[in-house]
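Numbering (UniProt numbering), first residue to last: 1 to 327.
Here a beta-carbon is modelled for each residue, glycine too, at the ideal position from N, C-alpha and C.
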Ligand SMILES: [Zn+2]
């Protein structure tokens, strides 16, 4: 499939979905609901080793809920992370491939069953290979501070991302999803890599935000998006894992800063207490609120809407319902 055709897959999906497509929800959250224990630096990637069937099951649950895009379980799956668990490089690479295969298999299985049903309301979903930020690999919260320290430069970030990106692209996802990028430097690294590796599929780059105004590093989104706007390899930009009450104003801000499509998938607004390793409820959105806000986010200009941490298939079902009813 040529590059133009591959880029068109995403545009077609957004169009078929009525102008705004649905991304899935929190992955680790749903694994935990099913009893998986993932309190580990590898987080949901641990499940790739221990319980791949559960990963597939969660993908199917999100498809049933109406997700048009599945994000793979590779967010915190990295080769150095797997090496630190005593796996070989080859085993680590196989697990990365597996994260894409599990999502593709779930998508194909679900779509095959849907095609037999006349007039169903689903779209054939796309698979986005998740590429978590360097901070997500460090598992020290730096994806929300943007502080990688003076020793982490552009080349180090590119080296960190390169092999995983190559393996994921080889495994055949429909797009790449860079997630919780906390600073300008890492956005630059992602863009240079996409060029150097001549990645033939579309990408989105998502930033986190802890103040609703800036990237976590304190850099302005203008600085970050100016870099991304120069790349034709990135089709979509946006925000993930930020509290939902920031989202509307961030969409409006992004609309002024870029012509690229905008994706948002906020967390539920609960606050992660890194020391106690638990979620603290604060300005939290329940599923009713997600349903209510989904159309506002779309009307503000988002083309892709889903959920991040602490959202579940029931959240996605409500978002999907709201967007379909009011499209
Ligand atoms: Zn999240």
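Next on the checklist: Looking at ligand 1, does it come within less than 8 Å of residue 238, judged from the CB to the closest heavy atom?
Outcome noted: Within the chain shown, numbered from 1, the residue matching residue 238 stands at position 238. Flag unset: Cβ of residue 238 not near ligand 1.
Checklist entry - Curious, which full-length alpha helix (DSSP H) runs of at least 4 residues does the stretch 19 to 45 contain? => result The qualifying runs are 27 to 33.
Checklist entry - DSSP on residue 5, reduced to helix/strand/coil? => result Residue mapping note: residue 5 aligns to position 5 of the chain shown, counting from 1. Of the three classes helix, strand and coil, the one that applies to residue 5 here is helix, per DSSP.
Item to check | Heavy atom of ligand 1 within 8 Å of residue 190 beta-carbon | outcome: By one-based count along the chain shown, residue 190 stands at place 190. Checking every heavy atom of ligand 1 against the Cβ of residue 190, none is found closer than 8 Å.
Checklist entry - DSSP state of residue 240, grouped into three classes? => result The residue you call residue 240 lines up with position 240 of the chain shown. In this structure, residue 240 counts as strand in the three-state DSSP scheme.
Checklist entry - Is there contact here, the stretch 45 to 59 with the stretch 27 to 36, by at least three beta-carbon pairs under 8 Å? => result Touching, yes, given that three or more Cβ pairs across the two stretches are closer than 8 Å.
Checklist entry - So which residues touch the region around ligand 1, with touch meaning a C-beta under 6 Å from any heavy atom? => result The set of residues with a C-beta under 6 Å from any non-hydrogen atom of ligand 1 comprises 241, 267, 308 and 309, given in chain order.
Item to check | Buried versus exposed call for residue 249 [16 or more other C-beta atoms within 10 Å across all chains shown] | outcome: For the purposes of this step, residue 249 is taken as residue 249 along the chain shown, with counting starting at 1. Answer is exposed; the Cβ neighbour count stays below 16.
Checklist entry - Nearest to residue 261 by CA position, among 46, 225 and 24, is which residue? => result As a position in the chain shown, residue 261 is number 261, starting the count at 1. The shortest C-alpha separation from residue 261 is found at 225.
Checklist entry - Assuming residue 25 contacts residue 311 under a Cβ cut-off of 8 Å, what Cβ separation, rounded to an integer in Å, is found between them? => result By 1-based counting over the chain shown, the position of residue 25 is 25. By 1-based counting over the chain shown, the position of residue 311 is 311. Indeed, because the Cβ distance is near 4 Å, the residues count as touching under 8 Å.
Item to check | Coil, strand or helix - residue 90 by DSSP | outcome: The count along the chain shown starts at 1 and reaches residue 90 at position 90. Residue 90 falls in the helix class under three-state DSSP.
Next on the checklist: Tell me whether the stretch 139 to 153 and the stretch 174 to 184 touch, counting them as touching only if at least three CB pairs, one residue from each stretch, are closer than 8 Å.
Outcome noted: yes
Next on the checklist: Please state the DSSP three-state secondary structure of residue 124.
Outcome noted: Position 124 of the chain shown, counted from the start, is the residue given in the question as residue 124. Here residue 124 sits in coil by DSSP.
Checklist entry - Can you tell which of 227, 296, 237 and 177 has its C-alpha closest to the C-alpha of residue 199? => result By 1-based counting over the chain shown, the position of residue 199 is 199. If we check each option's Cα against that of residue 199, 177 comes out closest.
Next on the checklist: Quick check: residue 305 and residue 65, are their CB atoms within less than 9 Å of each other?
Outcome noted: As a working mapping, residue 305 is identified with position 305 in the chain shown. As a working mapping, residue 65 is identified with position 65 in the chain shown. Taking 9 Å as the Cβ cut-off, residue 305 and residue 65 do not qualify as a contacting pair.
Checklist entry - For residue 257, which residues of its own chain have a beta-carbon under 7 Å away from its beta-carbon, when the five flanking residues on both sides are left out? => result By one-based count along the chain shown, residue 257 stands at place 257. Excluding residues within five positions, the ones whose Cβ falls inside 7 Å are 221, 222 and 225.
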